[in-house]
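*Asks:* Structure below; questions to follow.
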């Protein structure tokens with residue numbers, strides 16, 4: 001039985017050594033993963049500092065300019081709209097005044113022409129009619 005125990009002990013020793021090697025390999029992979037993670041994070045932070053932050057600053061400046069232009073356009077649009085409304089109100093008032101003045105002036109002329117027409121018609125209808133003579137007795 002001692003031969004069998006020697007083989008078993010040898011296999012157990014090999015398995016223990018392999019387990020230690022596996023544990024060392026896992027620790028090494030973990031350390032390598034942490035190192036790679038730190039390097040990647042440093043690279044990302046460097047890219048953010050060198051590339052993304054200035055780009056974001058430019059984008060924010062552009063957005064501020066666009067906001068200012070939009071505000072100015074809105075103000076000018078409101079001002080032009082107000083001017084157009086005021087002008088349209090003035091045009092409407094002027095048209096009403098012209099209309100009432102034309103009516104006032106033409107109503108006298110129309111009244112005079114109607115009166116003249118009635119006078120002419122009454123003269124034309126009254127002229128050719130004969131008065132009945134009194135009968136002779």
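Residue numbers (the working numbering): 1 to 137.
For every residue, glycine included, the Cβ atom is placed at its ideal position computed from N, Cα and C.
Values in this document were obtained by computation on a predicted structure and should not be read as measured data.
1. The alpha helix (DSSP H) spanning residue 117 covers which residue range?
2. What does the alpha-carbon distance come out to for the pair residue 80 and residue 94?
3. Given this structure, state the Cα-to-Cα distance separating residue 76 from residue 86, to the nearest angstrom.
4. Suppose you measure from the CA of residue 84 to the CA of residue 109; what does that come to, to the nearest Å?
5. Just to confirm my understanding: we take residue 55, look at its own chain, exclude 5 residues before and 5 after, and list those with CB closer than 8 Å. What are they?
6. Can you give the Cα-Cα distance for residue 44 and residue 31, rounded to whole angstroms?
7. Please go through the same chain and pick out, in chain order, the residues whose beta-carbon is closer than 8 Å to the beta-carbon of residue 48, but skip the five residues on each side of it.
8. If you draw a straight line from the alpha carbon of residue 6 to that of residue 46, how long is it in whole angstroms?
9. Using only the alpha-carbon positions, how far apart do residue 36 and residue 28 sit?
10. Would you kindly work out how many angstroms separate the C-alpha atoms of residue 118 and residue 124, rounded to a whole number?
*Replies:* Working from what's here:
1. Locating residue 117 in the chain shown gives position 117, counting from the first residue. 53-126 is the span of the alpha helix (DSSP H), which, as asked, contains residue 117.
2. Numbered from its first residue, the chain shown carries residue 80 at position 80. Numbered from its first residue, the chain shown carries residue 94 at position 94. Each residue's Cα considered, the two are about 21 Å apart.
3. Reading the chain shown from its first residue, position 76 is the one you call residue 76. Reading the chain shown from its first residue, position 86 is the one you call residue 86. Answer to the nearest angstrom: the Cα atoms are 15 Å apart.
4. In the chain shown, residue 84 corresponds to position 84, counting from 1. In the chain shown, residue 109 corresponds to position 109, counting from 1. Distance between the alpha carbons of residue 84 and residue 109: 37 Å.
5. Residue numbering aside, residue 55 sits at position 55 when the chain shown is read from its first letter. No residues qualify anywhere along the chain.
6. Taking the chain shown and counting its residues from 1, the one referred to as residue 44 is at position 44. Taking the chain shown and counting its residues from 1, the one referred to as residue 31 is at position 31. The straight-line gap from Cα to Cα measures roughly 20 Å.
7. Working through the chain shown from its first residue, we reach residue 48 at position 48. Contacts found: none.
8. Sequence index remark: in the chain shown, residue 6 carries index 6 (1-based). Sequence index remark: in the chain shown, residue 46 carries index 46 (1-based). Cα-Cα distance, rounded: 59 Å.
9. Along the chain shown, one-based indexing puts residue 36 at 36. Along the chain shown, one-based indexing puts residue 28 at 28. Spanning the two alpha carbons is a distance of roughly 12 Å.
10. Stepping through the chain shown from its first residue, residue 118 is reached at position 118. Stepping through the chain shown from its first residue, residue 124 is reached at position 124. Pairing residue 118 with residue 124, the inter-Cα distance amounts to about 10 Å.
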